[in-house]
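Here's the structure we're looking at; comments come further down.
There are 2 protein chains.
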Amino acid sequence: MARTQGSHAGITGPRIRDAALRLFAEHGFAAVSMRQIASAVGLQAGALYNYTPDKQALLFSLMKEHMDDLLGDLARLPSSASPSARLEAFVRFHIAFHLERPELVFIAYMELRNLTPENFAVIEGLRRDYENALQRILSDGVASGCFEVADTKLATLAVIAMLTGVTTWYRPDGRLSVPEVQDLYWDMVRKSVSA
Amino acid sequence: MARTQGSHAGITGPRIRDAALRLFAEHGFAAVSMRQIASAVGLQAGALYNYTPDKQALLFSLMKEHMDDLLGDLARLPSSASPSARLEAFVRFHIAFHLERPELVFIAYMELRNLTPENFAVIEGLRRDYENALQRILSDGVASGCFEVADTKLATLAVIAMLTGVTTWYRPDGRLSVPEVQDLYWDMVRKSVSA
DNA sequence: TCAATATCTGAACGGGCGTTCAGATCAACC
DNA sequence: GGTTGATCTGAACGCCCGTTCAGATATTGA
Chain H
0 MARTQGSHAG ITGPRIRDAA LRLFAEHGFA AVSMRQIASA VGLQAGALYN YTPDKQALLF
60 SLMKEHMDDL LGDLARLPSS ASPSARLEAF VRFHIAFHLE RPELVFIAYM ELRNLTPENF
120 AVIEGLRRDY ENALQRILSD GVASGCFEVA DTKLATLAVI AMLTGVTTWY RPDGRLSVPE
180 VQDLYWDMVR KSVSA
Chain Y
0 MARTQGSHAG ITGPRIRDAA LRLFAEHGFA AVSMRQIASA VGLQAGALYN YTPDKQALLF
60 SLMKEHMDDL LGDLARLPSS ASPSARLEAF VRFHIAFHLE RPELVFIAYM ELRNLTPENF
120 AVIEGLRRDY ENALQRILSD GVASGCFEVA DTKLATLAVI AMLTGVTTWY RPDGRLSVPE
180 VQDLYWDMVR KSVSA
């Protein structure tokens, strides 16, 4: 027998993932070469193919894991509270989650068109699951009379777009802390769907 | 003497611009080659260089003209009305303008990182001018008591992000007309900044 | 009609691309 | 300590890249 697992596989794999994440976020998927990724990890390009079947799979796995994390964490939010409390929890969660991983968020939004049609369909389905979770909250709130929203689908997309925009300007060393940002966005969202 | 102007220049130039616009929007700047653009216009790649010094200038001119159009049209909105009326006009204008040119909007948001630092600074400056116009409206409204906004800078970015998101889902043959979309977004924005 | 010149072609330049693979290297188990 | 197999190198494959430019082509003013 020999090694049951590659001795470096457990280290090199994540390092490749991190390098690809950083480079894709900075320059874009199409503008980053496998040789650049390999160089960032201290490898030759060929060695990458011990860890990914091809460049496309590298992008897809980053986006897929990101969406799985997003939906997994979302599912842990309390679902029995009032629509207003659930909406507040959603807003605060969305902001915190996205600010914790700006590079993944950037990739997940910008590189959709670089996915193969099959991979795109998978990510798009997960994205829709996420949107549906918010739409459910808004619908419940409208049904119970605590929200007044003319079109829950449009409101869902509007709220998500507004919240996700935080990643384009927030800086950890900036004027506002994360809780302050959460408070400010929650105040706007709360009013925008209020009766 | 000979031709005072190239007989095709007035036709080929815009055709190159349009092809580049379409291809950049569909595949991304980095993923589109000069040969693809030339082929879409029925030329060899070398001929493009009669119309643009290089690929970067092609991207920059698209984005620069887009921002100039945006700011030019914005300046035509009435500026003497009440903050509330000015905000409504801004919201309706932003939606209509962006839905009329989804490809340019897409490029202007997605390809910023493919600009040279100098070109990026120019576009970023114009973008800030646009944001400042909205922030002025919000500040005036806060000063006159008709708006209640805790942080006008954050609210500015939040509103723009929310409105621009319309381009990611709106389809001309979809469920909602442009005026309906404008009404729905204006309703949400109005409430989100209300006192 | 013909000279002038705007426009375009076609080939070339040096270089980088994603991917493959034979063989070198090296760590873990017997 | 030798064997095994995971890991990696280095070279190669065919192809495409942005850009340049000499020369062909096309159109207009004279």
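Chains as they are written, first to last, in numbering that gives the first Met the number 0: chain H, 0 to 194; chain Y, 0 to 194. C-beta: ideal position from N, C-alpha, C; glycine also.
With residue i as the anchor, note down where its alpha helix (DSSP H) starts and where it stops.
i: residue 188 of chain H; result: 177-191
i: residue 72 of chain Y; result: 54-74
i: residue 83 of chain Y; result: 82-99
i: residue 129 of chain H; result: 116-142
i: residue 157 of chain Y; result: 151-163
i: residue 39 of chain Y; result: 33-40
If residue i and residue j are in contact, beta carbons under 8 Å, what's the gap, nearest whole angstrom?
i: residue 122 of chain Y; j: residue 23 of chain Y; result: Actually they do not touch by this definition, with Cβ atoms about 14 Å apart.
i: residue 163 of chain Y; j: residue 65 of chain Y; result: Between residue 65 of chain Y and residue 163 of chain Y the Cβ distance is about 13 Å, and since that is not below 8 Å, they are no contact.
i: residue 58 of chain H; j: residue 28 of chain H; result: 5 Å
i: residue 125 of chain Y; j: residue 158 of chain Y; result: Between residue 158 of chain Y and residue 125 of chain Y the Cβ distance is about 18 Å, and since that is not below 8 Å, they are no contact.
i: residue 168 of chain H; j: residue 156 of chain Y; result: 5 Å
i: residue 88 of chain Y; j: residue 76 of chain Y; result: 5 Å
i: residue 112 of chain H; j: residue 61 of chain H; result: No, residue 112 of chain H and residue 61 of chain H are not in contact; Cβ-Cβ is about 15 Å, not under 8 Å.
i: residue 161 of chain Y; j: residue 161 of chain H; result: 4 Å
Determine the direct distance from the alpha carbon of residue j to that of residue i, and round the result to whole angstroms.
i: residue 102 of chain H; j: residue 180 of chain Y; result: 31 Å
i: residue 3 of chain Y; j: residue 93 of chain H; result: With a pLDDT of 41 at residue 3 of chain Y, under the threshold of 50, the modelled position of that residue is not reliable, and no figure is offered here.
i: residue 5 of chain Y; j: residue 40 of chain Y; result: With a pLDDT of only 48 at residue 5 of chain Y, under 50, the local geometry of the prediction cannot be trusted, and the value read off the model is given with reservation. The straight-line gap from Cα to Cα measures roughly 17 Å.
i: residue 53 of chain H; j: residue 114 of chain Y; result: 28 Å
i: residue 178 of chain Y; j: residue 139 of chain H; result: 27 Å
i: residue 68 of chain H; j: residue 128 of chain H; result: 13 Å
i: residue 176 of chain Y; j: residue 104 of chain H; result: 30 Å
i: residue 10 of chain H; j: residue 85 of chain H; result: 39 Å
i: residue 21 of chain Y; j: residue 35 of chain Y; result: 11 Å
i: residue 118 of chain H; j: residue 13 of chain Y; result: 35 Å
i: residue 194 of chain H; j: residue 144 of chain H; result: 7 Å
i: residue 182 of chain Y; j: residue 95 of chain Y; result: 12 Å
i: residue 174 of chain Y; j: residue 99 of chain Y; result: 17 Å
i: residue 188 of chain Y; j: residue 191 of chain H; result: 6 Å
i: residue 135 of chain Y; j: residue 82 of chain H; result: 34 Å
i: residue 80 of chain H; j: residue 141 of chain H; result: 15 Å
i: residue 51 of chain H; j: residue 44 of chain H; result: 11 Å
i: residue 146 of chain Y; j: residue 151 of chain H; result: 24 Å
i: residue 55 of chain Y; j: residue 37 of chain H; result: 27 Å
i: residue 171 of chain Y; j: residue 74 of chain Y; result: 27 Å
i: residue 49 of chain Y; j: residue 109 of chain H; result: 32 Å
i: residue 25 of chain Y; j: residue 30 of chain H; result: 15 Å
i: residue 116 of chain Y; j: residue 131 of chain Y; result: 22 Å
Compute every distance between the C-beta of residue i and the non-hydrogen atoms of the ligand MG, then say whether any falls below 6 Å.
i: residue 79 of chain H; result: The ligand content of the structure shown is nil, which means the ligand MG is not present either.
Mind checking the segment 102-114 of chain H against chain Y and listing, in chain order, the residues whose C-beta falls within less than 8 Å of any C-beta there? Those residues of the segment 102-114 of chain H that come within reach of chain Y (Cβ to Cβ, closer than 8 Å) are 109, 112, 113.
Interface positions of the segment 155-174 of chain H facing chain Y (Cβ-Cβ less than 9 Å), listed along the chain: 156, 157, 158, 159, 160, 161, 162, 163, 164, 165, 167, 168, 174
Residues in the segment 72-89 of chain Y having any Cβ partner in chain H nearer than 7 Å: Per Cβ criterion, the list is empty.
Select from the segment 177-193 of chain Y all residues with a C-beta closer than 9 Å to any C-beta belonging to chain H, and list them in chain order. 179, 180, 182, 183, 184, 186, 187, 188, 189, 190, 191, 192, 193
Interface positions of the segment 120-136 of chain H facing chain Y (Cβ-Cβ less than 7 Å), listed along the chain: none
Note down, in chain order, all residues in the segment 47-67 of chain H with a beta-carbon under 7 Å from any beta-carbon belonging to chain Y. none
Would you list, in chain order, the members of the segment 139-154 of chain Y that have their beta-carbon closer than 7 Å to a beta-carbon of chain H? 149, 150, 153, 154
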